[in-house]
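Everything on this sheet refers to the single structure shown next.
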Amino acid sequence: MSTLPNVPQHPHQQPRRTAAVLIASTRAARGIYEDECGPLAADWLYALGFDVVLAEVVPDGDAVGEALQRMLALEPAVILTSGGTGLSPDDRTPEQTLPLLDREVPGIMEALRADGRTKTPMAAISRGHAGTAGRTFIVNLPGSPGAVAEGLAVLEPVIGHICGQLEGHNEH
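Residues in the sequence shown are numbered consecutively from 1, following the UniProt record's numbering.
Dropping the structure here:
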């Protein structure tokens, strides 16, 4: 486990909601390469008014579930994961996420894959879950910076409404 580098700190403004970012990458966790997805997600969250309270890079597998549980203990509004959604033997992010969800939100993953398929046919094999654990919304994004950017663009028009509903606001 390591802390994400380059996560922006913005002390001059107090965002309304909190978030966490989890990167599942054995190679990045070992320092073989520098993760780009975490800072991308953290910047996006901050721009939307979230304070990133925890950002971690962990190896694929069981470490993902352990990190998700640490993050859920902080009760953030959102947890974004990136990586571990492919078909490699150690890609286990969906299996680590699903047991923690109270409710799935399948339309989010359908939208992410549909948008991704307009750019690459490989999006069809991306696995992942989106759903809620208590008042926290969790979504699994693929592990490439391009796929993360595309996924964040899909989430942008709905993330505020999702958080509002989880907070008990029922405006439509």
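Positions of the beta carbon are idealized from the N, C-alpha and C atoms, including for glycine.
Cutoff 8 Å; reference I125; Cβ partners in own chain excluding five residues on either side | Taking the first residue of the sequence shown as 1, we reach residue 125 at position 125. Cβ neighbours of I125 beyond the five flanking positions: G86, L87.
Once you ignore the five residues that flank G128 on each side, which residues in its own chain have a CB closer than 6 Å to its CB?
-> For the purposes of this step, residue 128 is taken as the residue at position 128 of the sequence shown. T85, P94, M109, N140.
For E75, which of L40, D115, V57, V52 has the nearest alpha-carbon?
-> What you label residue 75 is simply residue 75 of the sequence shown in a count that begins at 1. With distances taken between Cα atoms, E75 lies closest to V52.
Unbroken alpha helix (DSSP H) run spanning T97, endpoints | Walking along the sequence shown from the start, residue 97 turns up at place 97. Start and end: 93-97.
State buried or exposed for C163, treating a residue as buried only when at least 16 other CB atoms are found within 10 Å of its CB.
-> As a first step, residue 163 is located in the sequence shown; it is residue number 163 there, counting from the start. Taking a 10 Å sphere around the C-beta of C163, we find 16 or more other C-beta atoms and assign the residue as buried.
Mark residue 175 as exposed unless 16 or more other C-beta atoms lie within 10 angstroms of its C-beta, in which case mark it buried.
-> This structure leaves residue 175 out entirely; the chain is present only between 1 and 172.
Sorted by chain position, which residues of the same chain lie with C-beta nearer than 6 Å to E36's C-beta, five sequence neighbours on each side aside?
-> As a first step, residue 36 must be located in the sequence shown, where it is residue number 36. The residues are P145.
To the nearest angstrom, how far is it from the Cα of D115 to the Cα of A73?
-> Residue numbering aside, residue 115 sits at position 115 when the sequence shown is read from its first letter. Residue numbering aside, residue 73 sits at position 73 when the sequence shown is read from its first letter. Approximately 32 Å, taken between the alpha carbons.
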